[in-house]
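Here the structure is laid out as structure tokens; the discussion comes afterwards.
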Amino acid sequence: MAEFFNLPMLGQTMEEGTITKWLKAEGDYIRRGDIIAEVMTDKANLEVDATFEGYLRKILVAEGETVPVNAPIAIVSKTLDEDISSLLSDAAKAEPVPAAAQAETREPVRTVPVTQPTATATTEERLFISPRARRLAQEKGVPLQALAGRGTGPQGRILERDVESVWQELMSAKPRVTPLAEKVAAEAGVDVTAVAGTGVGGRVTKEDVLRVTAPPVTPAAPPAGAQVVKLAGLRKLVAENVVKGFFSAPPVTLVAEVDMTECVRLREQLLPEVEKAYGTRLTYTDIIVRATARALRDFPMMNATLRDDQILLHPDVNVGVAVAVEDGLLVPVVKNADRKTLGEISRELRELAERARAGKSTPDDLSGGTFTITNLGAYDVDLFNPVLVPGQTGILGVGRIAEKPVIREGQVVARHLMNLCLTFDHRVLDGAPAARFLQRVKQLLESPMLLLI
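Position 200 (the sequence shown) corresponds to 478 in our numbering; numbering is contiguous.
Right, dumping it as structure tokens:
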């Protein structure tokens, strides 16, 4: 019989995907396990495997279109003569199942309550809203409280059309104007009812009025011979995630100088042993991952996620490591890094990085991270402000290791020094506990024999 083929969940945090390429055409016979399409998620380009045996009758989602998880993307059937007219008529009104309903059962996380205004928190907890509708509400400045009870989807789910409806109501109502904006508008002879407000709930601010009265700015044309590179694909995803990470949390960065001299010696001693036992070359990043994972075990608030009015303390320490790839970067994840030896971390991280650079990362490779490390030491960088990965509390930036003269016991000696730059979410942690976490990482790296215990 004919049936829909829905977009599968290709990662634990995947909410939607963009069809970048169909690898099968309408009318093709498909076997179970065949790759039928390529999909771009918020993490990487992934392949969609067929879970059916039969013919691809109709492609419902064109290349370049974005749909939620479990939305119909094609119609398939056992034979070419089966009637699919009823499915075609149903396709337009099919509602996707929320991605959260498909998530695999995971070990429960501990939670820490966060004090927030009770009315707002209660309202948002009751909202059953799709990810796309929530994003649209943020873009249009529609308060989530205004959407309560307005959902027209299954079981009262709030959809994009509901957000549009509420937004239209807010726009048609008498605009709320700040006193200063009203004064500036009166002086400039501007009809304030015609000014689009960008404040909370569409409120007209002074800046909105000044924007209307300012002379139009014509974008400068690219200079002759300039090359224009379209922001697309992985580069676009990286850009969106960086903006989301920067503006979704109040970031604070702490910097500590670490004496890596003993770490350099230990690595030189372990190089042949690790290569012989694990077939990989031990790197400083491997050692830093081990030290960070140990510290995260001692500081669970740094291994956490802020979600609504709760802080989720993750039971596992999964350390992501940024890997530069063509047109962007990926963050493969070393799962349970606190339970692995230096050799195991080194081997796993090498395999993850190789797959990432070859464009063969799996959804599991890129999901589940609870903390991230980004190392720019290879590029002679000393200090930088790493940007938080959305959903994580901390990210550790690593600078280069440089031999410098320092004073030890009144004597000038050469030591290998390195900077660690910790960016953290100030909503979850204050400066003192974050500094103690960084201090613990520093202690482990300066006394690396502790990592072998």
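Ideal Cβ positions, reconstructed from N, Cα and C, are used throughout, including at glycine.
This one's a predicted model, so the numbers in the text were calculated from it and none came from an experiment.
By the Cβ test, the region 293-306 is in contact with the region 333-348, since at least three Cβ pairs between them sit closer than 8 Å. Approximately 5 Å separates the beta-carbon atoms of residue 552 and residue 621; this is inside 8 Å, confirming the contact. Segment contact: the region 661-675 against the region 624-633, fewer than three CB-CB distances shorter than 8 Å; contact not assigned. With fewer than 16 neighbouring CB atoms inside 10 Å of its own CB, residue 685 falls in the exposed class.
Straight through space, the alpha carbons of residue 482 and residue 492 are spaced by roughly 16 Å. Judged by DSSP secondary structure, residue 649 falls outside any alpha helix (DSSP H) and instead within the beta strand (DSSP E) spanning 649-653.
By the Cβ test, the region 633-645 is in contact with the region 595-610, since at least three Cβ pairs between them sit closer than 8 Å. For residue 590, the enclosing beta strand (DSSP E) begins and ends at 588-591. For residue 731, the number of other beta carbons within 10 angstroms of its own is below 16, and it is reported as exposed.
Assignment of residue 319 by DSSP, reduced to helix, strand and coil, places it in the coil class. Approximately 6 Å separates the beta-carbon atoms of residue 473 and residue 490; this is inside 8 Å, confirming the contact.
Less than 7 Å divides the Cβ of residue 696 from the Cβ of residue 679. With 16 or more other Cβ atoms inside 10 Å of its own Cβ, residue 718 counts as buried. With a cut-off of 8 Å on Cβ pairs, the region 652-661 is not in contact with the region 703-710, counting fewer than three such pairs.
The three-state secondary structure of residue 327, taken from DSSP, is strand. Taking all protein chains in view, the Cβ of residue 568 is crowded by 16 or more other Cβ atoms within 10 Å, so the residue is classified as buried.
Within the model, the alpha-carbon separation for residue 441 versus residue 336 is close to 31 Å. By the Cβ criterion, the region 548-562 is not in contact with the region 606-613, since fewer than three pairs of Cβ atoms, one from each stretch, lie closer than 8 Å. Taking the C-beta atoms as reference points, residue 324 is found no nearer than 7 Å to residue 302. Note that the C-beta distance between residue 722 and residue 728 is below 7 Å. Straight across, the Cα-Cα distance linking residue 280 with residue 357 is about 8 Å. Secondary structure of residue 614 (DSSP, three-state): coil. Annotation for residue 355: no alpha helix (DSSP H) segment contains it, though the beta strand (DSSP E) segment containing it runs 350-355. One thing to note: residue 597 has its Cβ within 7 Å of the Cβ of residue 571.
Residue 504 and residue 514 have their C-alpha atoms some 20 Å from each other.
Put simply, of 671, 688, 618 and 693 the residue whose alpha carbon is nearest the alpha carbon of residue 681 is 693.
Residue 610 and residue 643 do touch by the CB rule: their CB atoms are close to 5 Å apart, below 8 Å.
Non-local C-beta neighbours of residue 284 in its own chain, meaning closer than 7 Å and more than five positions away in sequence, comprise 348, 349, 350 and 351, ordered along the chain. Taking every protein chain shown into account, the CB of residue 500 has fewer than 16 other CB atoms within 10 angstroms, so this residue is exposed.
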